[in-house]
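For reference, the structure is listed below as structure tokens.
Residue numbers (my numbering): 489 to 616.
What follows is the structure, given as structure tokens:
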């Protein structure tokens, strides 16, 4: 299948930069980005990523509304979603798993371990 394609949906450009660095460090993954939930849905439909890293707190359409729309769309419903969130409470994490998250990564995250966290949630090899 070749390299994995990951869609990163986050409204903060700093987070996108750091996450892109972490996701491409030592992998051959392709990282797509979107700055809003709506843009993320459009990219997901058009580019069919292998996984989506999704920020929970975004203006207009938050991560919960975004995953609901992704799960409701036949073209994107099977794409695994991993949330990025600053809310680390057990109840918050449980809610994210209840709406269909494959994993939850707490912000601030360590960019040097981000790819291994993602590969762990998705059972992907780090190379390939």
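All residues carry an ideal CB built from backbone N, CA and C; glycine is no exception.
It should be emphasised that the depicted structure is a prediction, and the values quoted were computed from it without experimental measurement.
| message | Taking 8 angstroms as the cut-off, does the segment 493 to 512 touch the segment 596 to 610 (at least 3 CB pairs, one atom from each stretch)? | response | yes
| Quick one: any contact between the segment 554 to 569 and the segment 594 to 603, if contact means 3 or more CB pairs under 8 angstroms? | no
| task | Look up residue 500 in the DSSP assignment and say whether it is helix, strand or coil. | result | coil
| query | Of all the beta strand (DSSP E) runs that stay within the bounds of the segment 501 to 589, which reach a length of 3 or more residues? | reply | 518 to 522, 539 to 543, 569 to 573
| said: I'd like to know whether the C-beta atoms of residue 515 and residue 614 end up nearer to each other than 7 angstroms. | reply: yes
| query | What residues in its chain sit with their C-beta under 6 angstroms from that of residue 489, if we drop five residues either side in the sequence? | reply | Interpretation of residue 489 is limited by its pLDDT of 45, a score under 50 that renders its predicted location unreliable; the figure taken from the coordinates is listed afterwards. None.
| request: Return the chain-ordered list of same chain residues with a C-beta closer than 8 angstroms to the C-beta of residue 491, the five sequence neighbours on each side being excluded. | output: 515, 516, 517, 518, 616
| said: Only counting the same chain, and skipping five residues up and downstream in sequence, which positions put a Cβ closer than 7 angstroms to that of residue 531? | reply: 495, 520, 522
| field | Chain-order list of residues whose beta-carbon lies under 8 angstroms from that of residue 533 (same chain, five-residue window excluded) | value | 561, 563, 564
| field | Residues that residue 591 bridges to, as DSSP identifies them | value | 570
| task | Go through its chain and collect everything with a Cβ distance to residue 535's Cβ below 8 angstroms, but skip five positions before and after it. | result | 493, 495, 520
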